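**Student:**
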Amino acid sequence: MAQGLHLIWMILCVHLICISSQQEIEFIYNGFSQADLYTDGVAKILTKGLLQLTDGSGQKMGHAFLKKPFEFNSPGSFSFSTHFVCALVPKPGSTGGHGIAFVLSASMDLTQADATSFLGLFNISTQGSPSSHIVAVELDTALSAEFNDIDKNHVGIDVNSLISIASTPAAYFSEIEGQNESINLLSGRAIQVWVDYRGGVLNVSLAPLKIQKPSRPLLSRSVNLSETFPDKKLFLGFSGATGSLISYQYILGWSFSRNKESLQALDVTKLPRVPSHKAKKRNQQRCLLFSLFYWLL
Ligand SMILES: *[C@@H]1O[C@H](CO)[C@@H](O)[C@H](O)[C@H]1NC(C)=O
Ligand SMILES: *[C@@H]1O[C@H](CO)[C@@H](O)[C@H](O)[C@H]1NC(C)=O
Ligand SMILES: *[C@@H]1O[C@H](CO)[C@@H](O)[C@H](O)[C@H]1NC(C)=O
Ligand SMILES: *[C@@H]1O[C@H](CO)[C@@H](O)[C@H](O)[C@H]1NC(C)=O
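Each residue of the sequence shown is one higher than the last, beginning at 141 in our numbering.
1. Taking 7 Å as the limit between beta carbons, can you name the residues of its chain near residue 384, skipping five residues before and five after?
2. What is the rounded straight-line gap between the Cα of residue 418 and the Cα of residue 370?
3. Please determine if the segment 353–369 and the segment 180–189 are in contact, where contact requires at least 3 C-beta pairs separated by less than 8 Å.
4. In the DSSP assignment, the alpha helix (DSSP H) including residue 322 goes from what residue to what residue?
5. Using DSSP's beta-bridge definition, name the partner residues of residue 413.
6. Are residue 310 and residue 294 touching if we call contact CB-CB under 8 Å?
7. Measuring alpha carbon to alpha carbon, tell me which residue in 265, 318, 270 and 228 is nearest residue 246.
8. Anyone know if the C-beta pair for residue 233 and residue 387 falls short of 8 Å?
9. Are residue 222 and residue 395 closer than 8 Å when you measure CB to CB?
10. Just to confirm, is the Cβ distance from residue 250 to residue 260 under 8 Å?
11. Counting along the chain, where does the beta strand (DSSP E) carrying residue 222 start and finish?
12. Within 7 Å: the Cβ of residue 263 and any heavy atom of ligand 1?
13. Cutting at 6 Å between CB atoms, please list the residues of its own chain near residue 303, excluding the five before and the five after it.
14. Please state whether the Cβ-Cβ distance between residue 354 and residue 343 is less than 8 Å.
15. Name the DSSP beta bridge partners of residue 309, please?
16. Of all the CB atoms in chain D, is at least one closer than 8 Å to the CB of residue 243?
17. What is the DSSP secondary structure of residue 270, counted as helix, strand or coil?
18. Counting pairs of beta carbons, one from the segment 167–176 and one from the segment 187–194, are three or more of them closer than 8 Å?
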C-alpha cells in the first residue's frame, strides 16, 4: 500500500518536472494584482491591479516584463497568441503621447533606451541595429517624421527599428458594418489587442472593449522570429513612453498562450477600472473651496 502510494507520488513528480521543463508558458491576468512582473522606470502595478506604464510626467518611460523567458526549441513550430487590454489617457491640457508597445526582447533591460518617439525600445545607437533583438507591436500616438510615421494614431510592427515593417491607422474590422472602423487610441477607453504568430506570420487585431475579436486582422506580415532571436529565447512585456506629449498609459489585462486554440479569454468584468484624469475634477474642487470660503464669510 505504502509502496503503491510512493510509486504514484514518484510518477506525479516526474510528470510535474516534465511539464515545467516543457515551457508550460500560458497565463491569464485579469488585472495584475497577482502577477509577478519585472518593472522599471515609471512602470508599476497600482493598488487595484492596474499596470501603469507611464504616469502623468513627461520624458519618461516604463517597462514591464514577465520574469521568466520564453524559449522555443523548434523554430518551425514556434507560435504564440496573446490578448491584452490597454488604455491611453491623455494628460489634461496636453496632447497625449507618445505610445506603448507589446515587446518581444532578448533582454529585459531596456533602461538605456530613450523615451519620446523611441517608445522606450531603442536609443539613437540601437535604433535599426540587428543586435537590438527586439520585435514590437507599437500603438503609436505621435507622428514622428524621423521614423516615417504615417499619422499620430497608428499600429505598427517593428523589427529592430522604429521604422515599422508594416503600419496602418488604428482600426478594426467591423463584422456588422463589413468595413474598417477607426479607433482613437487616445480616447482614454479600453482597447483590446490580439497578436498571433504562427508559420512565420505575425497578425495584429484591435477592437473596442465590447467587440469580439474581428475575423480579419488589421495587420498581417511575415516576421522570422528565429532570425531576430538566434538564441531562441525572448522576454515578453510592454513598454510605454512620454515626451512633451504626455499620457497615462495602462495595461488592464493580459492573456498568453503558445497556442491560439488554448488562449484563455480575458474576463472584461474583472479588469481594473481606468482612472479618469479629467481637468474638471480640480475645477470642481476649486469651486467647492470657493463656496466654502464664501459661506464662512
Ligand atoms: C544605447 O543602449 C545600449 C544598450 O542598451 C547602450 O549600451 C548604449 O550605451 C546606449 N547608447 C546611448 C547613446 O544611450
Ligand atoms: C481594413 O484595413 C486593413 C489594414 O489597413 C486593409 O488591409 C483592409 O483592406 C481594410 N479592409 C477593408 C474592408 O477596407
Ligand atoms: C493571420 O491572418 C491571415 C490572414 O487573415 C490568416 O490566414 C492566418 O491564419 C492568420 N494567422 C494567425 C496565426 O492568426
Ligand atoms: C528564418 O531565419 C532562420 C535563421 O536565420 C533561417 O534558418 C530560416 O530558414 C528562416 N526561415 C524562413 C521561413 O525564412
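Note that the Cβ used here is the ideal one computed from N, Cα and C, for glycine as well. Computed from a predicted model, the values in this text were never measured in an experiment.
**Tutor:** The short version:
1. 198
2. 46 Å
3. no
4. That residue, residue 322, is in no alpha helix (DSSP H); its beta strand (DSSP E) goes 319–322.
5. DSSP, once it has assigned bridges, lists no residue as partnering residue 413.
6. yes
7. 270
8. no
9. yes
10. Cβ distance < 8 Å, so residue 250 and residue 260 count as in contact.
11. 220–230
12. yes
13. 287 and 288
14. no
15. Partner(s): 294.
16. The displayed structure is made up of one protein chain only, and chain D is not part of it.
17. helix
18. yes
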